[in-house]
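S.K.: Going by UniProt numbering, the letters in the sequence shown line up with residues 1 to 263, in that order.
First, the structure itself, so that you have it in front of you.
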Amino acid sequence: MREIKGSARTGVQAADTVLTVLETVAYADEPIGVTHVAGAVGIAKSAAFRHLRTLLDRGYLVQDPSSSRFILGPKVSLLARMASGGDDLAVAIQPALREARDTSGLSVVLSTPTPQGAFVLTTVSGMQPVDIGVRVGSSLALHASAQGKVFLAFGSLGLLDRLLASPLPVFTAHTITDAAALRAEIARVRAQGYAVAPEEVLLGVNALAAPVLDPNGVIVAAVALVGSIQHIAAQPGAQLLRIVQDLAKRAERLIVKLPVRLA
């Protein structure tokens with residue numbers, strides 16, 4: 001076998017180290033900090049932080065904002081589900097997603113909540129000449145996406161407070177970053193049962209999302225239609241509302257039948 005030299009060896013070592021960091025977090029009995037990871041892996045604290053930051057940015061880890069410690073993130077769960085081929089919501093809901101796409105012509109997305117954002121589990125591409133959608137595995141901002149607003153409205157009461165403890169990123173001139181305005185928006189979402197985010201992340205793009213609740217009333221996912229502002233108005237029409245709300249109800253019925261809970 002040919003010897004690995006130079007930069008190639010460095011790349012292999014870096015990959016090995018980041019996987020060791022991930023395994024260290026996975027095997028920990030509780031949320032783990034940078035110092036603990038550095039000691040367990042045998043690397044400098046600065047190097048441990050860089051690897052943890054990479055895993056955090058890619059969704060493999062989640063950081064507790066109150067303690068700055070790390071736990072496994074939603075990307076790990078997604079890969080585990082893909083490897084096992086188990087019957088979970090992302091698989092079971094595919095026919096319903098395609099039906100919603102066929103009826104609306106728009107991209108359809110299933111997301112699950114994380115402290116960092118709305119994590120995209122699966123999507124079905126739309127039928128428009130210019131397709132607008134999101135990538136599986138991407139994380140959508142809680143304050144600026146329709147799915148994120150749904151999680152803020154129907155999720156943990158402290159989630160919005162924790163989000164507002166730090167400045168909110170601005171994506172466009174339409175992004176809501178004022179605390180009072182965002183609280184009013186989330187209250188409106190809670191009252192009406194759906195959310196939109198017209199041009200709040202990307203100009204010309206909107207989404208319409210509805211919550212998916214488990215039998216105990218806990219939000220485990222959100223379903224959304226994604227398209228241009230011409231196809232999804234800031235005040236969505238009755239037909240699109242019916243499509244997304246019917247899809248959410250179908251997802252809730254599927255959850256009851258699943259052997260493993262989504263989140």
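Quick reminder that beta carbons are idealized off the backbone N, C-alpha and C, glycines included.
1) For Gly39 and Leu202, what's the separation of their Cα atoms in angstroms?
2) If you count every other CB in all the chains shown that lies within 10 Å of the CB of Gln116, and 16 or more means buried, which is it?
3) Based on DSSP bridge pairs, tell me the residues matched to Thr123.
4) Give the straight-line distance between the Cα atoms of Met127 and Glu99, rounded to the nearest whole angstrom.
5) Could you name the residues of the same chain whose beta carbon sits closer than 7 Å to that of Thr35, not counting the 5 residues immediately before and after it, in chain order?
6) So what's Ser46 in DSSP terms, helix, strand or just coil?
7) How far does the alpha helix (DSSP H) with residue 264 in it extend, from its first residue to its last?
8) Can you tell me where the alpha helix (DSSP H) with Ala38 in it begins and where it stops?
9) So is Arg101 buried or exposed if we call it buried at 16+ other beta carbons inside 10 Å?
10) Given a cut-off of 7 Å on the beta-carbon distance, is the pair Ala146 and Ala96 in contact?
11) So Val41 and Val25 are in contact, right, with Cβ under 8 Å, and what is the actual spacing, rounded?
12) Can you give the Cα-Cα distance for Thr123 and Phe151, rounded to whole angstroms?
13) Measuring CB to CB, does Ala210 end up less than 7 Å from Tyr194?
14) Cα separation between Ala118 and His51?
15) Could you check the C-alpha separation between Val18 and Val37 for me, to the nearest Å?
16) Please name the residue or residues paired with Pro211 in a DSSP beta bridge.
17) Please list the terminal residues of the continuous beta strand (DSSP E) segment that includes Ile186.
18) So the alpha helix (DSSP H) Val150 belongs to, where does it begin and stop?
19) Which value, in whole angstroms, describes the spacing of the CA atoms of Phe216 and Ala92?
20) Hey, Thr112 and Ala221 are a contact pair by Cβ (cut 8 Å); roughly how many whole angstroms apart?
21) Beta-carbon within less than 8 Å of Tyr60's beta-carbon, same chain only, minus the 5 sequence neighbours each way: which residues are those?
22) Using only CA atoms, which one of Gly33, Leu89, Val12 lies nearest to Val256?
23) Using the C-alpha atoms, what's the distance from Ala15 back to Leu106?
24) Between residue 264 and the rest of its own chain, which residues show a CB-CB distance below 8 Å, the 5 nearest in sequence each way excluded?
25) Out of Pro198, Asp161, Ile243, Asp64, state which residue places its alpha-carbon closest to the alpha-carbon of Ile232.
26) Just verifying my parser: in three-state terms, what is the DSSP assignment at Val18?
M.R.: In short, the structure shows the following:
1) By one-based count along the sequence shown, residue 39 stands at place 39. By one-based count along the sequence shown, residue 202 stands at place 202. So the alpha carbons of these two residues sit roughly 42 Å apart.
2) On the sequence shown, position 116 is the one that residue 116 refers to. Result: buried.
3) To locate residue 123, count along the sequence shown from 1; it is residue 123. According to DSSP, Thr123 bridges with Val109.
4) Along the sequence shown, read from residue 1 onward, the residue named residue 127 stands at position 127. Along the sequence shown, read from residue 1 onward, the residue named residue 99 stands at position 99. Roughly 12 Å separates the two Cα atoms.
5) Here residue 35 refers to the residue found at position 35 when the sequence shown is read from its first residue. The residues are Lys45.
6) What you label residue 46 is simply residue 46 of the sequence shown in a count that begins at 1. Reduced to three states, the DSSP call for Ser46 is helix.
7) Residue 264 falls outside the range modelled here, since the chain spans only 1 to 263, and no answer is possible.
8) Numbered from 1 along the sequence shown, position 38 holds the residue referred to as residue 38. First-last of the alpha helix (DSSP H) with Ala38: 34–41.
9) Counting from 1 along the sequence shown, the entry for residue 101 is found at position 101. The residue in question, Arg101, is buried, as its Cβ has 16 or more Cβ neighbours within 10 Å.
10) Taking the first residue of the sequence shown as position 1, residue 146 is located at position 146. Taking the first residue of the sequence shown as position 1, residue 96 is located at position 96. No.
11) In the sequence shown, counting from the first residue as 1, residue 41 sits at position 41. In the sequence shown, counting from the first residue as 1, residue 25 sits at position 25. Actually they are not in contact, since the Cβ atoms of Val41 and Val25 sit about 10 Å apart, beyond 8 Å.
12) Residue mapping note: residue 123 aligns to position 123 of the sequence shown, counting from 1. Residue mapping note: residue 151 aligns to position 151 of the sequence shown, counting from 1. Distance between the alpha carbons of Thr123 and Phe151 is about 18 Å.
13) Position 210 of the sequence shown, counting from 1, holds the residue named residue 210. Position 194 of the sequence shown, counting from 1, holds the residue named residue 194. Yes. Within cutoff.
14) Translated into positions along the sequence shown, residue 118 becomes position 118. Translated into positions along the sequence shown, residue 51 becomes position 51. One C-alpha to the other measures close to 23 Å.
15) Translated into the one-based positions of the sequence shown, residue 18 becomes position 18. Translated into the one-based positions of the sequence shown, residue 37 becomes position 37. Straight-line Cα distance between these residues: approximately 11 Å.
16) Along the sequence shown, read from residue 1 onward, the residue named residue 211 stands at position 211. In the DSSP output, where bridge partners are listed per residue, Pro211 has Ala222.
17) In the sequence shown, counting from the first residue as 1, residue 186 sits at position 186. Note, Ile186: premise wrong, no beta strand (DSSP E); alpha helix (DSSP H) at 179–192.
18) Start at 1 with the first residue of the sequence shown, and residue 150 comes out as number 150. Segment 146–154, the alpha helix (DSSP H) holding Val150.
19) The residue given as residue 216 occupies position 216 in the sequence shown. The residue given as residue 92 occupies position 92 in the sequence shown. Per the sequence shown, residue 216 should be read as Asn rather than Phe. Cα-Cα distance, rounded: 20 Å.
20) On the sequence shown, position 112 is the one that residue 112 refers to. On the sequence shown, position 221 is the one that residue 221 refers to. At roughly 5 Å, the Cβ-Cβ gap stays under 8 Å, so Thr112 and Ala221 are in contact.
21) Locating residue 60 in the sequence shown gives position 60, where the first residue counts as 1. Answer for Tyr60: Leu22, Leu72, Gly73, Lys75, Val76, listed in chain order.
22) As a first step, residue 256 is located in the sequence shown; it is residue number 256 there, counting from the start. Among Gly33, Leu89, Val12, the Cα nearest to that of Val256 is on Leu89.
23) Counting from 1 along the sequence shown, the entry for residue 106 is found at position 106. Counting from 1 along the sequence shown, the entry for residue 15 is found at position 15. Going from the Cα of Leu106 to the Cα of Ala15 covers about 38 Å.
24) Coverage of the chain is limited to positions 1 through 263, which leaves residue 264 absent and any answer about it impossible.
25) Residue mapping note: residue 232 aligns to position 232 of the sequence shown, counting from 1. Selected option, being the one with the closest Cα: Pro198.
26) For the purposes of this step, residue 18 is taken as residue 18 along the sequence shown, with counting starting at 1. In the structure shown, Val18 sits in a helix (DSSP, three-state: H, G or I).
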